[in-house]
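Residue numbers (our numbering): 2 to 127.
Here is the structure we will look at.
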């Protein structure tokens with residue numbers, strides 16, 4: 002008997018499978034922490050995480066006041082690039098120069114790629 006699932010349910014399941022597949026191989030260490038990207042329909046968040054200690058070392062989000070100010074004129078990809086630049090600057094202030102990129106089950110395209118490009122241009126190495 003075949004089960005019928007909506008297209009949105011199938012997409013959600015596919016994203017969860019991609020996320021688990023990536024997380025099996027990607028782990029953040031104190032020497033090379035993990036850059037985690039979380040995306041919603043409206044916002045994007047990036048965190049630099051040390052999985053061994055379980056601590057967030059640096060973070061940036063479109064929910065922050067300094068990024069919300071210029072939100073009306075910028076599209077979501079431009080906002081994601083700014084988040085990448087900001088999280089890279091905060092990580093470099095903490096002495097972090099290399100990270101492992103965790104796209105969180107999202108495809109490396111659009112806003113995810115823009116955030117990664119912004120972080121790379123600001124000096125963070127993947």
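Even for Gly, the Cβ is constructed at its ideal location relative to N, Cα and C.
3 or more residues per run - each beta strand (DSSP E) lying fully within the stretch 45–76: As summarised for the stretch 45–76, the continuous beta strand (DSSP E) elements at least 3 residues long and confined to that stretch are 45–51 and 56–62, given in chain order.
Inter-residue spacing [alpha-carbon to alpha-carbon] between residue 59 and residue 39: When rounded, the distance between both Cα atoms is 14 Å.
Counterpart residues of residue 102 in DSSP-defined beta bridges: Note: residue 102 sits in a beta bridge opposite 36.
Buried or exposed by the 16-neighbour rule on C-beta atoms within 10 Å, applied to residue 82: By the 10 Å Cβ count, residue 82 comes out buried.
Validate contact between the stretch 21–30 and the stretch 83–97 using beta carbons, cut 8 Å, 3 pairs: Short answer: they don't touch.
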